[in-house]
Each structure stands twice: as C-alpha cells, then as structure tokens.
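Respectively, the protein sequence lines represent chains F and C. Per the working numbering, residue 7 is the first one in the first sequence, and the count goes up by one each step. Per the working numbering, residue 323 is the first one in the second sequence, and the count goes up by one each step. A virtual CB, placed ideally from N, CA and C, is assigned to each residue, including glycine. Predicted model only: the values in this text are computed from it and were never measured.
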Amino acid sequence: MNNIIVLPLIIPIMTAVILVFLRRDVVLQRIIALTTMIFVIGISILLLQFIQTDGILKIDFSGWLPPFGILFVADSFSILMVTTSSIVASICLIYAFSTIGNRHEDMFFYPLVLFLVAGVNGSFLTGDIFNLFVCFEVMLLASYVLIALGGEKIQLRESLKYVLINVVTSWIFLIALAFLYGTLKTLNMAHIAQRVAEVGQDPLITTVAILFLIVFSIKAGLLLFFWLPGSYTVPPTAVQALFAALLTKVGVYALIRTFTLMFPLNQEVTHTLIGIMAGLTIIAGCMGALSGKDVYTISTYNVIIGVGFILIGLAVNTEAGISGAIYYLIHDMVAKALLFLIIGTMVFLTGETVVKRMSGLIQYYPLFGWMYFIVLLALIGVPPFSGFVGKILIGQGTIEAGSFVLLAIGFASSIIVLYSLLRIFLASFFGETTVSEEDKKPIPKSAMLSFILLTLSIIYIGVGAESLSPYVQDAARTLMNPSIYIDAILGEGL
Amino acid sequence: MKVNDVILRTIVKGVVLIILTLGVYLFFSGHNAPGGGFIGGLVLGSAIVLLYITYDIETIQRKMPFDFKKVAALGVLLTTGTAIGSLYFNVPFLSQTDGYFQIPILGEKHLTTVTIFEAGVALTVIGTLVTIILSISEDD
Chain F
7 MNNIIVLPLI
17 IPIMTAVILV
27 FLRRDVVLQR
37 IIALTTMIFV
47 IGISILLLQF
57 IQTDGILKID
67 FSGWLPPFGI
77 LFVADSFSIL
87 MVTTSSIVAS
97 ICLIYAFSTI
107 GNRHEDMFFY
117 PLVLFLVAGV
127 NGSFLTGDIF
137 NLFVCFEVML
147 LASYVLIALG
157 GEKIQLRESL
167 KYVLINVVTS
177 WIFLIALAFL
187 YGTLKTLNMA
197 HIAQRVAEVG
207 QDPLITTVAI
217 LFLIVFSIKA
227 GLLLFFWLPG
237 SYTVPPTAVQ
247 ALFAALLTKV
257 GVYALIRTFT
267 LMFPLNQEVT
277 HTLIGIMAGL
287 TIIAGCMGAL
297 SGKDVYTIST
307 YNVIIGVGFI
317 LIGLAVNTEA
327 GISGAIYYLI
337 HDMVAKALLF
347 LIIGTMVFLT
357 GETVVKRMSG
367 LIQYYPLFGW
377 MYFIVLLALI
387 GVPPFSGFVG
397 KILIGQGTIE
407 AGSFVLLAIG
417 FASSIIVLYS
427 LLRIFLASFF
437 GETTVSEEDK
447 KPIPKSAMLS
457 FILLTLSIIY
467 IGVGAESLSP
477 YVQDAARTLM
487 NPSIYIDAIL
497 GEGL
Chain C
323 MKVNDVILRT
333 IVKGVVLIIL
343 TLGVYLFFSG
353 HNAPGGGFIG
363 GLVLGSAIVL
373 LYITYDIETI
383 QRKMPFDFKK
393 VAALGVLLTT
403 GTAIGSLYFN
413 VPFLSQTDGY
423 FQIPILGEKH
433 LTTVTIFEAG
443 VALTVIGTLV
453 TIILSISEDD
C-alpha cells in the first residue's frame, strides 16, 4: 500500500484547518506550520528513495483501479518537484515569521500558505488530468487570497486582474478537458497517453493539445505573461517569493508532463510551437528586464526569462534537454525565491524601489550583499552554482536537436540577465551609502537565516549536482519513455 | 423605521422547520438516491440564511453563537479525517466501509463511514455559505 504518496497533499490541508482554530495563537501557528513543512520534506525525500528502488509508485484512491478511479503517481520528476517546492516554501515561511506582520498572521496567513503548498504538491502528484484541474484550483484559490491580503489599493487592482485572468484560463482548461474527454473518453493521464499512441495524434487531438498549451502557458508565464509583472509585485515579500518560486513552475511542470507523456507524437507542430514561444518569451523578458527601472520589474522579468529558458529544454525534447530542464527547474525555484526575498528586503531597508535611489547597501550588510552576488552568479549559470548544470545540459540538448537559434537566444539571455542584475548590484550595493549609521534598519534574524539556507541550497545544487544526478536521470528517462509511466499505471489494470 | 413584517416572521418560523427537515432528509438519502452532503448542506445553509434575512444578524447570532468559519473548518477536518483514517487500517486512501448493525428500538440499520465523510461536506458547505452571505451583508 503506497498511502504515503498522499501525505504531501493531505497533511498540509489538515494542519491548515487545525490552524484556523488557533487563529489568535500566532506563535503556535508558526511552530505547527514549520513542523508540517519539515515533515512533508522528510516524506518526499523518503519517497524519492523508494522510487529509486521500487520504480514508479501509485495509489488508487479507495481502491478504484485505473482508468476508472483517481490516482496519485509518484515518479522521480514529480517527487523532485515536491521536495524542492516544499523546501522553498518552508524557507519562505521562515522569512515570513519576522517580516509578514501581525495583520497577516491574524488573517489566516499560515493556513493559506499551507493550502497553497497542498495545491502545488497535489498538482505535481496527480495522475488524473481532471484532478490536476482541481489541484490547480486549490492552489489558485489560496493564491487569490494571498495576493489580495493586506487590502492596499494597488493590491486590489492587481488581484482583480489576476483573478479574472485565472478564472478565464481555468474555463479554457475545462473546455480543453471536455474536448479531450469527448475525443478519447478518458481522463487518466496514462490512459490518455496509451489511447493517443494507439489511434495516433490526429489533427483534432493536436488541437486539444494546443488548447492545453495555451492554458498552461498562461499559468506558466510562457509568452502569455502579460499578467505576471503586475500581480507578482504587489503582495508582501514572502508571498512574492512563494509565487515566483512555485506558481509559474507548476505550469511549467504541467507543460512538460503533458507534452512528454500525453501528446508527444506530433512534434513538428506542438514542440515547434513551444520552441517559438520559448524564444519569444526570452526575448520579451530580456526587453522587460533591460527597460526596468525599479527592482521589482527587473526581477519579475527575470522570472519570465527563466520560464522561457526551461521550456527550450522541452522544445528540443532530447534526453539531455529534458534533464537540463529538470535541473534548471529545481535551480530556478530556489534561486528565484532567494532573488525575490533579497529584492523585497532591499525595498524594506531603503524604502525605495528604483535602482538608482538605493546606494551602498553592502557597507552595512556585507553578507546580504554577497549573497545577492551569489544568486546573480547562479542565475547567469556560473559554476559552481546551481544554474550551471541546467544551462549546459539544455545547451547540449539544443545542439543535439540542431536548434541553433534557440541555443543562441538562450545563451544570449544569460548576458542580459547578467547586465540587468549586475546593474542592481553596482548601483544599489556599491557606492556611497545614503543612510546614516543611526538610521540603518537591522535585517531580522529569521530573514537572514532564510537567505543563508537558500544560498546553501544554491551551492549544494551546483556543487552536489553529482548526488542529484541519479534522480534527475531517472526522471528524464521516465519522461522520455512514456511507456515506463504507462506500464506502471495500467500494467495490472488493463 | 421599523418594518412591519409579522407575516414574514410567522411564516418563516414554520418554513424554516420544513426546510431543515428537507435538508436532513436529503442528507441521509444520499449515496444511494439523489441527495448527499453537498445538497443537504446547501439546503440547511439556506434555512440559516433565511433566518438571518428575516430576523437581524444580532438576534440570530445570540441564538446560534457559532463562528461559521470554524464550522467550515470543522467540516473539512471531519472529511479529511475519514479520508486519512483509511491509512490506519492499511487500505487505500479514501476507502470507505459499511455494515449492518442491530440497534435497539430502531432495528437493523445500514451504517457507513461515508455518512461521516458527508457530514463533513455538509458542515463545510453550511459554514462557507453562511460566511459568504454574512461577509457580503456586513459591508455598508
């Protein structure tokens, strides 16, 4: 019995509900929320080990065999994502302890974060595409509240846009599901893959696949990212970091899963389209990052560049490209969380968002400044930090597939990332300090702890890439050979 | 201005009783016939909302001093509790069981754990419904 697979979903939900009863006891809420997250991390690391020995694990809810019941599937890719997202979420929680403020904590902040984590983990684990929709909704509902919580005027404006766009996207998602069910008569992901392989990917199924591409592109911020820069800048720093690290990545995960498992047969159309979209995303993201004058704009456009870069790996669809995409996905979650936490702290320390108005931060906060430098190096892909392996492997994938345009765009974007982030480093960290010795605010201890933990993770992903590689290789192998996944799910059923 | 709504108040007293009975009936008829926790919860919740509309919020809150957010939370806890309870018996997540029991006076009855699950759903629906209506009505 593999009941352990549901724990990353159900434990956060149950603790979130318990926390509702402990509304006034903020300290207890903090302790319980963090303990839960650490427990989930432990479970997912344990699962990762199980998968290496036993292969893909699945649990059929209340014993209904696939393709009739709903099931959760744990393969290396999904569990790597669950582990990374849980680690990042718990570090963001640590940051939130000292910065989020009592007003948020009193208004169910911790339960909402746990619901968000539950939705994210559920999206990674589910093996049923309608259940994926449900988990998306759990995650989105929590994010709606988190983005609006605080009730400032700008938050109201941006959250209204965010909710509207996501409701419309979910509606398209439902329509795509209806078309899919109408053509293939199944919603189980492995079963869909099997039927598509049997009947071939005719134009109708390809159209449905493109509908899914549109839906997940909006969620991931691939080309259709018009909503992203606005809505990611308004919530408090800890929530921004959570969003930047987790939400778009769930969309990326769904894209990779959909187009390697379910619709892999008509690559001239779908994967070419993904490639074009990824290239355009990177170019547009670079323009945004270059033109940005304030730190928030620059960092949100960096999220978009990251998404485009990961999906180059999917577009070329070689084993090297996919494992590069997985490495880069893991790296991007950690690095973007750290980037947003640092940016948010810079704004907190100086009270300014425009790059030019900040100066000399490194004089008072040397460790803080050098950690920003490390995340900068990691995002460009300088060894030994986390971005390096992913960039190399995606580059290798593009060369294997002969997509030299994507290769050029992808690596040229590194230079733009370097320029945009280095500009912040030179202008805001170096130079004369504008704040006097007495006026400087201290960085809260728990915030510093979260920076250090994330920096250590970045160094670990870079230096310890060797220790991660068996898991990533297994994940890439499963993604490239959908039959492994299909056999694990339907082997005994049909 | 004091509204003269004697007729409304008198009728609502009777109607609420009928709605509540219907809600409980729908709740118990579920899982073999149309009905169940969601619909039962909606009907029960609408009875409570009707009370809030007819009488004022303070009066009803004196008689029913629940925080409906916590009612919803309790419901979710009950539902997830029965779902995760299957882990203890080492059967797949969300498994349900049932059986026939000899109960004094009532005779042989069919009891299921789905009923507990559905009770959680019903409480969640009631809690959410009333919370939404109250939140809207609080804005002036």
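Counting along the chain, the unbroken beta strand (DSSP E) around G421/C starts and ends at D420 to I425. For the region 7-21 of chain F, residues whose beta-carbon sits nearer than 7 Å to a beta-carbon of chain C comprise M7, N9, V12, I16, I19 and M20. Counted as a single uninterrupted DSSP element, the beta strand (DSSP E) harbouring T434/C occupies residues G429 to T434. If you draw a straight line from the Cα of V436/C to the Cα of F67/F, it is about 14 Å long. Along the region 27-107 of chain F, the alpha helix (DSSP H) occurs as fully enclosed runs of 4 or more residues at 32-60 and 82-105, listed in sequence order. A direct Cα-Cα distance of roughly 44 Å separates V33/F from L344/C. A residue is called buried once 16 or more other Cβ atoms fall within 10 Å of its Cβ, and Q58/F, having fewer, is exposed.
By the criterion of a C-beta distance shorter than 7 Å, I106/F is surrounded in its chain by F115, P242 and A244, once the five residues flanking it on both sides are discounted. The beta carbon of I406/C falls within 8 Å of a beta carbon belonging to chain F, placing the residue at that interface.
In terms of beta-carbon proximity, T402/C lines the interface with chain F, with at least one pair separated by less than 8 Å.
Residue range F115 to L131 is occupied by the alpha helix (DSSP H) that includes F121/F. If you look at A405/C, you'll find it in the alpha helix (DSSP H) that goes F390 to Y410.
Pairing G285/F with I430/F gives a Cβ-Cβ distance that is not under 8 Å.
Among the bridge pairs identified by DSSP, D493/F is matched with none. For G314/F, the enclosing alpha helix (DSSP H) stretches over residues V301 to V322.
Rounded to whole angstroms, the Cβ separation of F121/F and I19/F is 7 Å, and the two are in contact under 8 Å.
Proximity of the region 314-325 of chain F to the region 395-414 of chain F meets the contact definition, three or more beta-carbon pairs being nearer than 8 Å.
Pairing D300/F with V361/F, the inter-Cα distance amounts to about 5 Å. 8 Å or more divides the Cβ of T356/F from the Cβ of S82/F. The shortest CA-to-CA distance from V395/F to any of E204/F, I465/F and Q369/F is the one to I465/F.
Taking a beta-carbon distance threshold of 8 Å, Q383/C does not count as an interface residue toward chain F. Residues of the same chain with a CB within less than 7 Å of the CB of T376/C, apart from the 5 flanking positions on each side, are L330, R331 and V334 in chain order. Among the residues facing chain F, A355/C is not included, as its CB has no counterpart in that chain under 8 Å away. Only residues of its own chain outside the window of five on either side were considered, and among them V322, T324, A326 and G327 have a CB closer than 8 Å to the CB of E406/F, listed in chain order. Interface flag for A441/C against chain F is unset, since no Cβ pair is found closer than 8 Å. Under the Cβ criterion of 8 Å, G48/F is not counted among the residues facing chain C. The three-state reading of DSSP puts V205/F in helix, counting H, G and I together. Contacts with chain C at 8 Å (Cβ-Cβ) do not include S129/F. Close to chain F, meaning a Cβ-Cβ distance shorter than 9 Å, are the following residues of the region 408-440 of chain C: S408, L409, N412, V413, P414, F415, L416, S417 and Q418.
Nearest CB-CB separation between D338/F and chain C: not below the 8 Å threshold. At a Cβ-Cβ threshold of 8 Å, L131/F and I310/F do not count as neighbours.
Secondary structure at N9/F: helix, using DSSP grouped into helix, strand and coil. One finds nothing in chain F with a Cβ atom closer than 9 Å to the Cβ of A369/C; even the nearest lies about 24 Å away. In this structure, I211/F sits near F269/F, with a CB-CB distance shorter than 8 Å. Shown here, D112/F sits in a helix according to DSSP, grouped into three states. Sixteen is the threshold: since fewer than 16 other Cβ atoms of the shown chains lie within 10 Å of the Cβ of E460/C, the residue is exposed.
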